[in-house]
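> Handing you this structure, nothing more for now.
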Amino acid sequence: MKFSSVGRHIVIWIAIVVALFPIAWMTSMAFKPPLEWTSAAGTVSWLPKEPTLANFEYIFTGKSSAYPSSTLMERTALWPILSSLLISTVATLIATIVGALAAYGYSRHRFGTNLPFALLQLRLFPPLAVMIPVMIMWAYLDLIDTWWGMALIYGIGTLPFGFWLMLTFLEDVPVELEEAAMIEGADPARIFYRITLPLLKPAIATTALFVFILNWSDYIMALLLTRKAWVTLPVFMNDLNSAQTGQLYGAKAALGLIAIVPPLILGILIQKHLVRGLTFGALKQ
Amino acid sequence: MSAPSSRTASAGKLTEAMGDAQSRRIGRLTTWPAQALLLFIVLFPTIVTVYVSLTAWTPLDGKPWTQAYKTFWWFENYWEILSDRKLFAALGRTLLIVIIAVGFQVLFGLGLALLFVNNFRARPLYYTLILMPMMVVPAVAGYMFLMLFQSTGPINQIISVILGHSFEVVWLANETLAIVAVIVGEVWQWTPMVFLILLAGLMSVPEDQIKAARLLGANWAQIIWRISLPRIKGVLAIAIGIRLIEGLKLFDIMYIMTKGGPGVATETLSLYIYKRTYGDLEWAYVSALGLVIVITMSLLGLALVALMRPSRRVQLVHVAK
């Protein structure tokens, strides 16, 4: 496995350029004025020639003097951003708390059914194949286009990750301390709060961040279960077209940039645990 | 999958210290919210799916789903699945796209992972940078590649520069090139994940074995082929398995880049279902189809688990340590 050091660095740098190029292009696009959104053949402007905040102005105020006068946005991007934040946060709380509790019970106590496998199955099928009854149920329960309805479906959808991640973290925590306390006669609830929970704090934080990224990144469920009031950021972004001018490249790029920043930061924070998360704990790093 | 299920499913780690009855009580108490949510999302939807799939109900009728029995027609929807050419065409396209995409993901992911096995300066930074595509919201990734593949977009420009003459292909309007474009997007986004998993596997190959092989005069190709790859077989299977399952769900990138077009050139299984759900509002048919997909995938999944179990556990012990 001996590559020359220079060769290794060249190959890796090519990979890095490929990995970052689409992100860089969108970032550049987000700061381009409308005239630079598309370029004539043979010319390409990698960086905005006249950098502008017009795109951000447009998505947050609904209009921009740099835009053609006919493009007016009905609703600003502020609402979908708040919607995404609220829904993802509540869903993350549901998946992490319910998942952590169940993982604790499954790991430490007597329990009958095969909960891990049942939960795993929730993630097996293509969402579209199983969404009709969910849509019927959501309509029946008046949950369509509500933040609680979205938080509920996201919370259930990411519960398998919350559970499995916590389960593998729990398996890593030695049980001897808890056992000792139990033999001393301490109350189970006390043992959980004073011994198990403090040991699990980093694990819970990691799980929550991982689950948050998944919720924030969803597109399909929001596409099916929201209409207008609680549309999330990715859905809002892709509906952002103007009847007169077609694709609003710059405005969409600005929105896209806002959408990818939180998961990028959180993902880098927990990169050590990504392997565990993505393989449902089958692999650790 | 690894440690938890190798233990019998019933007794927990504290059961013995605590006593059976109390342990059972706490086990029930802590798992009921998860069980309730699971029941909520499985029980009622299953009943609705089975019921609606036996009718010709559509929301267009204006009647609630409860009155679907008025259009009861037994297994008509299931018969239609068998003769649905568009469905099988979409399935074929999905498999083609997914298999090619996963192939490239494994090729590039493994190649990169091999470069990262040994420590070198700037490794952590390079590692983080390479992971970034994976963390991009898939819908936004779709939009990125929509921009990149415009006829006046940067990809055509780069090709023009390389060729030395003007190159203006309308990627997303050409049946073959649209598939290529979508595969490029999919490979871009998920190669980092395969890289990440395979690197974790490669890092667990004992270094002394590699050193010994090198002392015996093995070259790097032999070391990779004879030592590293056999040791990460299980990890490789996990990476490929996850990517295949996720690939079958392929929707976001496709929906945003091509909406399945031109024509039906990039219409995957998910997009086909989406079109019948929203375009034609044939919810009864889609219910039947969903049920068939769920049952087929469950059976396939069970068969795979049964096939893989013995070899995988051995591998996982090495990785987990």
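In order, the protein sequences belong to chains R and Z. Just so we're aligned, residue 81 is where the first sequence starts under the working numbering, counting upward by one. Just so we're aligned, residue -19 is where the second sequence starts under the working numbering, counting upward by one. Note that the Cβ used here is the ideal one computed from N, Cα and C, for glycine as well. The structure displayed is predicted, hence computed values, not measured ones.
#1: How many angstroms separate the CA atom of F316 (chain R) from the CA atom of R88 (chain R)?
#2: In the structure shown, what three-state DSSP assignment does Q169 (chain Z) receive?
#3: Taking CB distances under 9 Å as the criterion, tell me whether P44 (chain Z) reaches chain R.
#4: Roughly how many whole angstroms lie between the Cα atoms of Q47 (chain Z) and D260 (chain Z)?
#5: N57 (chain Z) by DSSP, collapsed to three states: which one?
#6: Of all the options R:I293, R:A334 and R:L181, which has the alpha carbon lying nearest to the alpha carbon of L165 (chain R)?
#7: Kindly say whether E116 (chain R), judged by its beta-carbon, lies nearer than 9 Å to any beta-carbon of chain Z.
#8: Does the beta-carbon of L335 (chain R) have 16 or more other beta-carbons within 10 angstroms, so that it is buried, or is it exposed?
#9: Give me the subset of the stretch 106 to 122 of chain Z whose CB atoms are less than 9 Å from a CB atom of chain R, sorted by chain position.
#10: What does G281 (chain Z) reach in chain R if we use C-beta pairs closer than 7 Å?
#11: Would you please state the rounded distance, in angstroms, between the beta carbons of A302 (chain R) and P314 (chain R)? I believe it to be under 8 Å.
#12: Run the CB neighbour count on D298 (chain R), radius 10 Å, all protein chains shown included, and call it buried at 16 or more, exposed below.
#13: Are there 16 or more other CB atoms within 10 angstroms of the CB of I92 (chain R), so buried, or fewer, so exposed?
#14: With 16 other CB atoms within 10 Å as the buried threshold, where does L128 (chain Z) fall?
#15: Could you tell me the boundaries of the alpha helix (DSSP H) in which S187 (chain R) lies?
#16: Quick one: measure Cβ to Cβ for N135 (chain R) and A104 (chain R), integer angstroms, because I've assumed they're closer than 8 Å.
#17: So, is the C-beta of F24 (chain Z) closer than 9 Å to a C-beta in chain R?
#18: From this set, R:I139, R:V86 and R:I284, which residue's C-alpha is nearest L77 (chain R)'s C-alpha?
#19: If you drop the 5 nearest sequence neighbours on each side, which residues of the same chain put their C-beta closer than 8 Å to that of L358 (chain R)?
#20: I'd like the list of long-range same chain contacts for H353 (chain R), defined as Cβ closer than 6 Å, with 5 residues on each side in sequence excluded.
#21: Check the Cβ-Cβ distances between A168 (chain Z) and every residue of chain R, and say whether any is below 9 Å.
#22: Taking contact to mean at least 3 C-beta pairs separated by less than 8 Å, is the stretch 267 to 276 of chain Z in contact with the stretch 203 to 215 of chain R?
#23: Excluding the 5 residues flanking V294 (chain Z) on each side, which residues of the same chain have their C-beta closer than 8 Å to its C-beta?
#24: Determine, for W263 (chain Z), whether the minimum Cβ-Cβ distance to residues of chain R falls below 9 Å.
#25: For T238 (chain Z), which of helix, strand or coil comes out of DSSP?
#26: Within the 9 Å Cβ cut-off, does L234 (chain Z) reach chain R?
#27: Which bits of chain R does L128 (chain Z) rub up against, with CB to CB less than 7 Å?
Per the coordinate set shown:
#1: The residue labelled residue 316 (chain R) in the question sits at position 236 within the first sequence. The residue labelled residue 88 (chain R) in the question sits at position 8 within the first sequence. Spanning the two alpha carbons is a distance of roughly 42 Å.
#2: Here residue 169 (chain Z) is taken as the residue at index 189 of the second sequence, counted from 1. It is helical.
#3: As a working mapping, residue 44 (chain Z) is identified with position 64 in the second sequence. With 9 Å as the cut-off, P44 (chain Z) counts as an interface residue toward chain R.
#4: Taking the second sequence and counting its residues from 1, one reaches residue 47 (chain Z) at position 67. Taking the second sequence and counting its residues from 1, one reaches residue 260 (chain Z) at position 280. Answer to the nearest angstrom: the Cα atoms are 20 Å apart.
#5: Locating residue 57 (chain Z) in the second sequence gives position 77, counting from the first residue. Of the three classes helix, strand and coil, the one that applies to N57 (chain Z) here is helix, per DSSP.
#6: What you label residue 165 (chain R) is simply residue 85 of the first sequence in a count that begins at 1. The residue with the shortest Cα to Cα distance from L165 (chain R) is R:I293.
#7: Numbered from 1 along the first sequence, position 36 holds the residue referred to as residue 116 (chain R). Contact with chain Z is absent for E116 (chain R), since none of that chain's Cβ atoms lies less than 9 Å from the residue's Cβ.
#8: Taking the first residue of the first sequence as position 1, residue 335 (chain R) is located at position 255. The residue in question, L335 (chain R), is buried, as its Cβ has 16 or more Cβ neighbours within 10 Å.
#9: Y106, Y107, T108, L109, I110, L111, M112, P113, M114, M115, V116, V117, P118, A119, V120, A121 and G122
#10: Counting from 1 along the second sequence, the entry for residue 281 (chain Z) is found at position 301. Per Cβ cutoff of 7 Å: L204.
#11: As a first step, residue 302 (chain R) must be located in the first sequence, where it is residue number 222. As a first step, residue 314 (chain R) must be located in the first sequence, where it is residue number 234. Contact holds; Cβ gap of about 7 Å.
#12: Taking the first sequence and counting its residues from 1, one reaches residue 298 (chain R) at position 218. Classification of D298 (chain R): buried, given that the 10 Å Cβ count is 16 or more.
#13: Counting from 1 along the first sequence, the entry for residue 92 (chain R) is found at position 12. Answer is buried; the Cβ neighbour count reaches 16.
#14: Looking up residue 128 (chain Z) in the second sequence gives position 148. Here L128 (chain Z) is buried. Its C-beta has 16 or more other C-beta atoms within 10 Å.
#15: Translated into positions along the first sequence, residue 187 (chain R) becomes position 107. Boundaries of the alpha helix (DSSP H) around S187 (chain R): L158 to R188.
#16: On the first sequence, residue 135 (chain R) is found 55 positions in, with the first residue counted as 1. On the first sequence, residue 104 (chain R) is found 24 positions in, with the first residue counted as 1. The pair is not a contact, with the Cβ atoms about 16 Å apart (cut-off 8 Å).
#17: Translated into the one-based positions of the second sequence, residue 24 (chain Z) becomes position 44. Yes, F24 (chain Z) lies at the interface with chain R (some Cβ there is under 9 Å from its Cβ).
#18: For residue 77 (chain R) there is no data in the structure shown, the boundaries of chain R being 81 and 365.
#19: Numbered from 1 along the first sequence, position 278 holds the residue referred to as residue 358 (chain R). So no residue of the chain qualifies.
#20: Counting from one through the first sequence, the residue named residue 353 (chain R) turns up at place 273. Excluding sequence neighbours, H353 (chain R) sits near T286.
#21: As a first step, residue 168 (chain Z) is located in the second sequence; it is residue number 188 there, counting from the start. For clarity, residue 168 (chain Z) is Trp in the given sequence; the question names Ala instead. Output row for W168 (chain Z): interface = yes.
#22: Between the stretch 267 to 276 of chain Z and the stretch 203 to 215 of chain R there are three or more C-beta pairs closer than 8 Å, enough to call the two in contact.
#23: Residue numbering aside, residue 294 (chain Z) sits at position 314 when the second sequence is read from its first letter. Below a pLDDT of 50, predicted positions are generally treated as unreliable, and V294 (chain Z), at 44, falls in that range; the measurement from the model is reported next regardless. Cβ within range, chain order: G214.
#24: Translated into the one-based positions of the second sequence, residue 263 (chain Z) becomes position 283. Closer than 9 Å to some Cβ of chain R, the Cβ of W263 (chain Z) qualifies, so yes.
#25: Position 258 of the second sequence, counted from the start, is the residue given in the question as residue 238 (chain Z). Coil.
#26: Against the second sequence, residue 234 (chain Z) aligns to sequence position 254. Per the sequence shown, the amino acid found at residue 234 (chain Z) is Met instead of Leu. Closer than 9 Å: no.
#27: Within the second sequence, residue 128 (chain Z) is the residue found at index 148, counting from 1. Here the neighbours are P102 and W105.
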